[in-house]
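In what follows, a single structure is set out as structure tokens and then discussed.
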Amino acid sequence: MAILVTGGAGYIGSHTVLALLERGEDVVVIDNLSNASQESLIRVAELTGKEPAICVADILDRNALKTLFAQHNITDVIHFAGLKSVSESIAKPLAYYENNVVGTMVLLDEMQRAGVHSLIFSSSATVYGNPESVPLSEASRTGGTTNPYGTSKLMVEQILRDFSVAEPHFRITCLRYFNPAGAHPSGRLGEDPNGIPNNLVPYISQVAIGKLACLTVFGDDYPTPDGTGVRDYIHVMDLAQGHLAALDHRNDGEAFKAINLGTGVGYSVLDLIKAFEKAAQTKINYRIVGRRSGDVAECWSDSSLARQQLGWQATRNLEEMMRDAWNWQKNNPGGYNA
Ligand code: NAD
Ligand code: UD1
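In my numbering, the protein residues as written are 138 to 475.
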């Protein structure tokens, strides 16, 4: 029995593959390496002493999926594969809908043909659009996404919901991640963005190591305690554990579930800078600029449903996130392929 992990060479995927192998699961990875290096999985094998089966292929490739389902006794699929840059999605909407929406439809269709009925999907807090209020619970309004990336996640959730009505024997869990951050505490696995990072923690890390000169803080006039944007940062190892919990509870309740994975605590951009400075024992050079288009003031979770339904909650705090992000950055200044 094996678990198929799509996008398993990527940031969250590789940490989850590690957690799965550590608890004795057999893992098969499919990844087209469009935003990852196979080095991540080599390091997962070093850390765990176990190797996932790896197939370098695209989830849009039906033949590759058919072969994997025929070769391995796959019982569950954890589906990370997708494109995730908001700015790129605005420039290349078709690529985003093709990869994220069509890719998921092809995967689902091939799962059905192969008789594999359990799916965990990487959704995002982006499905809540501009929140009416925080904290965000699963009952909060979704929609009002402002870019093709966010819309692709919303569309996939809707497709999966509709599909689960037609195929009630499927077990589908959409996990809505808040802001993943940090790295494996070994410093061997972490986030390796292409080019200049869009997201806050990789950006701060690269300023700390001297690769980037200065962090631009997007706005200090939000209605938040210090005026900068507030988010729910969650340690990537907590996120990985959340997937294991979702697997364990896949047969509980309804055919379709959507569950937040967050900590339930919001931190501002300035909080993050301070915490990183403490972890790295260095000053982060920053300057305040105007707001970034599409940003919301606050986005943090009510994480009680995950606690109730999955028996899961985040256990790592901001200090550990920043410590591990820095440990990864300083040990791998050029990422995996330096
Ligand atoms: P990532 O880019 O590091 O990982 C995605 C992986 O999927 C990469 O290894 C990439 O090579 C692979 N991939 C992409 N398209 C593919 C395709 N068509 N076929 C096969 N492989 C493909 O991203 P991540 O941060 O690990 O995110 C994983 C998932 O979680 C994504 O679906 C992302 O949208 C979602 N998510 C991420 C965040 C975040 O902040 N990192 C937040 C919410 C949701
Ligand atoms: C962004 C995406 C979101 C996606 C998520 C994870 C946007 C508008 N939203 O979320 O759809 O799901 O990443 O990939 O891009 N910040 C700075 N300076 C920087 C970078 C960020 O001040 O250089 C601030 C932002 O304004 C925000 C906070 O830091 O307040 C977090 O930003 P980021 O890491 O990009 O995540 P989100 O904007 O929450």
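Glycine included, C-beta positions come from ideal geometry on N, C-alpha and C.
Bear in mind the structure is a predicted one, so any value in this text is a computation, not a measurement.
query	result
Would you report the Cα separation of residue 235 and residue 197, rounded to the nearest angstrom?	9 Å
Looking at C-beta atoms only, is the number of pairs between the region 416-434 and the region 446-463 that lie closer than 8 Å three or more?	yes
Name the DSSP bridge partner or partners of residue 143?	167 and 216
When every heavy atom of the ligand NAD is checked, does at least one fall within less than 7 Å of the C-beta of residue 381?	no
Buried or exposed: where does residue 378 fall if 16 or more other Cβ atoms within 10 Å of its Cβ makes it buried?	buried
Consider the C-beta atom of residue 167 and the heavy atoms of the ligand NAD; say whether any pair is separated by less than 7 Å.	yes
Indicate whether the contact test is met: 3 or more Cβ pairs, each with one atom in the region 349-368 and one in the region 422-431, closer than 8 Å.	yes
For residue 442 and residue 389, I'd like the C-alpha separation in whole angstroms.	13 Å
When every heavy atom of the ligand NAD is checked, does at least one fall within less than 7 Å of the C-beta of residue 279?	no
What do you get for residue 458, buried or exposed, if any count of 16 or more other CB atoms within 10 angstroms of its CB means buried?	buried
In its own chain, which residues sit with a C-beta less than 6 Å from the C-beta of residue 489, not counting the 5 before and 5 after it?	It is not possible to answer for residue 489, since the shown part of the chain is limited to 138 through 475.
Starting from residue 317, trace the beta strand (DSSP E) in both directions and tell me its first and last residue.	316-318
To the nearest angstrom, how far is it from the Cα of residue 285 to the Cα of residue 227?	6 Å
Suppose you measure from the CA of residue 206 to the CA of residue 308; what does that come to, to the nearest Å?	18 Å
How about residue 118 and residue 152: do their beta carbons lie closer than 8 Å?	Past the edges of the chain, shown from 138 to 475, lies residue 118, and the structure says nothing about it.
With distances taken Cα to Cα, identify the nearest neighbour of residue 178 among 199, 143 and 210.	143
How about residue 317: is its Cβ closer than 7 Å to a heavy atom in the ligand NAD?	yes
Where does residue 435 sit, in a helix, a strand or coil, going by DSSP?	strand
Rounded to whole angstroms, what's the CA-CA distance from residue 306 to residue 254? Just pull it up for me.	7 Å
To the nearest angstrom, how far is the alpha carbon of residue 160 from that of residue 360?	44 Å
State the start and end residues of the unbroken beta strand (DSSP E) segment that holds residue 423.	423-426
So, helix, strand or coil for residue 273, using DSSP?	strand
Would you report the Cα separation of residue 239 and residue 474, rounded to the nearest angstrom?	30 Å
Please state if the CB of residue 272 and the CB of residue 401 are separated by a distance shorter than 8 Å.	yes
Taking the alpha carbon of residue 321 as the point to measure from, which residue in 470, 184 and 300 has its own alpha carbon closest?	184
What is the DSSP secondary structure of residue 290, counted as helix, strand or coil?	helix
Alpha carbon to alpha carbon, how far is residue 288 from residue 282?	6 Å
For residue 338 and residue 173, I'd like the C-alpha separation in whole angstroms.	18 Å
Assuming the contact rule is C-beta atoms closer than 8 Å, residue 166 and residue 146 should be a hit. Round their C-beta distance to whole Å, please.	6 Å
Determine the closest residue to residue 138 out of 472, 355, 162 and 155, with distance taken between C-alpha atoms.	162
By DSSP, does residue 372 sit in helix, in strand, or in coil?	strand
For residue 189, which option in 437, 392, 156 and 203 has the closest C-alpha, if you only look at C-alpha atoms?	156
Taking the CB atoms as reference points, tell me whether residue 325 and residue 453 lie closer together than 8 Å.	no
What do you reckon, is the C-beta of residue 261 under 7 Å from a heavy atom of the ligand NAD?	yes
Near residue 432, which residues of its chain fall below 8 Å by C-beta distance, leaving aside the five closest residues on each side in sequence?	355, 356 and 366
I think residue 260 touches residue 219, with their Cβ atoms under 8 Å apart; what is that distance to the nearest whole Å?	So it is not a contact: roughly 10 Å between Cβ atoms.
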